[in-house]
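Visitor: Our numbering puts the first residue of the sequence shown at 8, with every later residue one more than the last.
Got a structure here, written out as structure tokens. Questions coming.
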Amino acid sequence: MNSIIVGNGINIQFGGLENLNHSIINRAINNVEKGTYPSDVYPKETAEALPIFCAEIPSILKGGYDGFALTSSEKEALSDFKNRYLLEKKYEADQVGFEDYYFIFDLVARKTKLVNPERYHAREGLKCFFIDAIFNNNEVNRIYENFPFKLKQFFREFNNIFTTNYDENIDIFTGEKILHLHGSFDILAEVYNPKSFINKIPNPPMRNYKLNENYMHLYSNVLTSYSGFNKDFSMHMHDDANSAVEKLVAAYAKDEKVKVDIDSWADEENDLVRNMYYAVMCKIKDPQLKFTEYYPFTAFQNIKGVLTFVGLSPYNDTHLFRMVNNNSKLEQMIFYYYNDAEMNSVKQLVPNCDIEFIDVRDLWKRVA
Numbered sequence: 008m009n010s011i012i013v014g015n016g017i018n019i020q021f022g023g024l025e026n027l028n029h030s031i032i033n034r035a036i037n038n039v040e041k042g043t044y045p046s047d048v049y050p051k052e053t054a055e056a057l058p059i060f061c062a063e064i065p066s067i068l069k070g071g072y073d074g075f076a077l078t079s080s081e082k083e084a085l086s087d088f089k090n091r092y093l094l095e096k097k098y099e100a101d102q103v104g105f106e107d108y109y110f111i112f113d114l115v116a117r118k119t120k121l122v123n124p125e126r127y128h129a130r131e132g133l134k135c136f137f138i139d140a141i142f143n144n145n146e147v148n149r150i151y152e153n154f155p156f157k158l159k160q161f162f163r164e165f166n167n168i169f170t171t172n173y174d175e176n177i178d179i180f181t182g183e184k185i186l187h188l189h190g191s192f193d194i195l196a197e198v199y200n201p202k203s204f205i206n207k208i209p210n211p212p213m214r215n216y217k218l219n220e221n222y223m224h225l226y227s228n229v230l231t232s233y234s235g236f237n238k239d240f241s242m243h244m245h246d247d248a249n250s251a252v253e254k255l256v257a258a259y260a261k262d263e264k265v266k267v268d269i270d271s272w273a274d275e276e277n278d279l280v281r282n283m284y285y286a287v288m289c290k291i292k293d294p295q296l297k298f299t300e301y302y303p304f305t306a307f308q309n310i311k312g313v314l315t316f317v318g319l320s321p322y323n324d325t326h327l328f329r330m331v332n333n334n335s336k337l338e339q340m341i342f343y344y345y346n347d348a349e350m351n352s353v354k355q356l357v358p359n360c361d362i363e364f365i366d367v368r369d370l371w372k373r374v375a
């Protein structure tokens with residue numbers, strides 16, 4: 008069994024420099040400066056915040072934010088951040104990884120005591136600011152037009168094709184079902200889907216929210232985070248939620264004490280607790296209701312045979328490499344690398360796997 012996972016490297020190779028990090032950030036800023044952005048989704052202040060975040064980098068590197076990285080994953084992310092950025096360098100807005108801005112935001116928000124709902128909306132605005140630039144007026148979905156024919160032959164060597172990209176280039180090019188591990192621009196996030204389980208409850212979180220139909224990609228289920236742990240959590244979230252609700256429904260039917268406890272949640276002031284009560288009631292009324300499991304992590308975790316990585320960086324997707332490292336069914340991993348630093352990182356992340364390293368430039372020559 009041969010499987011492959013493809014990352015943004017393929018878009019950079021065939022879509023050009025506009026798919027690089029600095030281009031994405033500059034495009035996001037230009038969208039705001041030119042007024043070609045949805046002001047009802049994210050404000051112009053999002054772009055203005057980037058230099059402020061950059062100014063905090065020296066303080067982060069010197070330990071000024073150490074006390075605001077609370078969880079083990081945040082502490083790991085902080086250590087990684089300090090290893091990748093230099094104290095003696097002054098960073099311009101486009102020299103910072105766009106997903107690193109989420110991390111800086113979380114630290115600054117915690118230090119300045121920014122709380123929900125303002126914190127949530129500001130962070131969502133930052134996410135949409137970058138997602139809009141990646142989408143690039145749908146130009147990102149046209150990159151497949153530059154794919155060479157031999158690339159199609161290359162993809163035919165694999166039984167399963169996974170991608171961390173949000174676009175549909177490989178889907179259209181191959182005509183195959185592509186497994187989008189981090190979501191896709193064309194799939195609505197559960198919270199925005201009027202037919203979803205969460206919107207069956209009496210007080211759904213986006214009840215009065217009006218979607219901007221010209222920017223539907225901003226309401227998609229794409230995952231973007233500085234932390235592999237956060238991406239992994241989001242990938243498993245709906246599966247975990249389904250399991251929790253099913254257990255509560257079963258206990259509600261069998262245990263009178265549990266039934267009394269759950270019924271009491273209907274009068275709780277806490278929205279999450281009250282919504283859990285409604286979720287249980289909806290599930291009892293319609294047992295087929297489920298939170299949609301968008302992310303094919305189970306299929307990825309259970310890969311057998313050989314797994315090939317192309318155009319994927321080990322730095323922001325550590326959760327995927329850890330899944331590979333924990334997969335005893337995998338016989339070999341082939342990693343197409345861009346530089347020695349990537350090879351060294353992969354060796355550290357996947358010590359349990361037999362790895363063959365191939366220069367990715369050799370692949371691009373092969374399919375040209």
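By construction, the Cβ of each residue, glycine as well, lies at the ideal position given by its N, Cα and C atoms.
1. With distances taken Cα to Cα, identify the nearest neighbour of H189 among I362, T231 and E52.
2. Where does S10 sit, in a helix, a strand or coil, going by DSSP?
3. Below 8 angstroms on the Cβ atoms is my contact criterion, and I expect L24 with I67 to pass it. Report the Cβ-Cβ distance as a whole number of Å.
4. Using 8 angstroms as the Cβ pair cut-off and three pairs as the minimum, do the region 156 to 172 and the region 181 to 196 touch?
5. Apart from the five residues on each side of it in sequence, which residues of its chain come closer than 7 angstroms, Cβ to Cβ, to F142?
6. Contact check, D47 vs N219 under 8 angstroms by CB: the rounded distance?
7. My understanding is that L337 touches K354, with C-beta atoms under 8 angstroms, so please give their C-beta distance in whole angstroms.
8. Could you check if S250 is buried or exposed, using at least 16 other CB atoms within 10 Å of its CB as the buried criterion?
9. Assuming Y344 is part of the beta strand (DSSP E), what are its boundary residues?
10. Based on the DSSP secondary-structure assignment, which residues constitute the bridge partners of G312?
11. Going by alpha carbons, who is nearest to F112 out of A54, N90 and N15?
12. Out of curiosity, what's the CA-to-CA distance linking N277 and P209?
13. Under the rule that 16 or more other beta-carbon atoms within 10 Å means buried, what is S10, buried or exposed?
14. Work out the CA separation of Y49 and N38 for me, nearest whole Å.
15. Can you grab the Cα-Cα spacing for the pair I177 / L279, in whole Å?
16. Under 6 angstroms Cβ to Cβ from M8, same chain only, skipping five residues before and after it: list those, please.
17. Using 8 angstroms as the cut-off, can you tell me whether the region 128 to 143 makes contact with the region 76 to 92, which would need three or more C-beta pairs spanning the two stretches below that distance?
18. Roughly how many whole angstroms lie between the Cα atoms of K274 and V265?
19. I think L133 touches Y109, with their Cβ atoms under 8 angstroms apart; what is that distance to the nearest whole Å?
20. Between the C-alpha atoms of R373 and L158, what's the straight-line distance to the nearest angstrom?
21. List in chain order: all unbroken alpha helix (DSSP H) runs of 4+ residues lying wholly within the region 216 to 282.
22. Under the assumption that V317 contacts G16 (Cβ atoms under 8 angstroms), give the Cβ distance between them as a whole number of angstroms.
23. List the endpoints of the continuous beta strand (DSSP E) containing N167.
24. Once the 5 residues before and after F21 are set aside, which same chain residues still bring their CB inside 7 angstroms of it?
25. Considering only residues of the same chain and omitting the five flanking positions on each side of L370, which have a CB-CB separation below 7 angstroms?
26. What number of angstroms, rounded off, separates the C-alpha of V377 from the C-alpha of I291?
27. For Y285 and N123, what's the separation of their Cα atoms in angstroms?
28. Which two residues bound the contiguous alpha helix (DSSP H) that contains I177?
29. In chain order, what residues of the same chain lie with their CB nearer than 7 angstroms to the CB of M283, ignoring the 5 residues before and after it?
30. Nearest to I59 by alpha carbon, out of A116, R34 and K82?
31. What do you reckon, are the CB atoms on A35 and C61 nearer than 8 angstroms?
Guide: In brief:
1. T231
2. strand
3. About 28 angstroms separates the two Cβ atoms, so there is no contact after all.
4. yes
5. F192 and H224
6. 6 angstroms
7. Cβ-Cβ separation between L337 and K354: approximately 16 angstroms, too far for a contact (criterion under 8 angstroms).
8. exposed
9. Run containing Y344: L337 to Y344, per the beta strand (DSSP E) assignment.
10. L337
11. A54
12. Their Cα atoms are separated by approximately 14 angstroms.
13. buried
14. Distance from the CA atom of N38 to the CA atom of Y49, rounded to whole angstroms, is 11 angstroms.
15. 38 angstroms
16. N166, K311 and G312
17. no
18. According to the sequence provided, residue 274 is Asp. The question's Lys does not apply to it. Taken atom to atom, the span from the alpha-carbon of D274 to that of V265 is near 16 angstroms.
19. 7 angstroms
20. If you take the alpha carbons of R373 and L158, they lie about 9 angstroms apart.
21. 235 to 261 and 263 to 271
22. A Cβ-Cβ distance of about 7 angstroms is found for the pair V317 and G16, placing them in contact under the 8 angstroms criterion.
23. N167 to T170
24. Correct list, in chain order: I150, N153 and F154.
25. V317 and Y343
26. Given that the chain is displayed from residue 8 to residue 375, the structure contains no residue 377 and the question cannot be resolved.
27. 23 angstroms
28. N176 to T181
29. W272
30. Among A116, R34 and K82, the Cα nearest to that of I59 is on A116.
31. Not a contact, by the Cβ cut-off of 8 angstroms.
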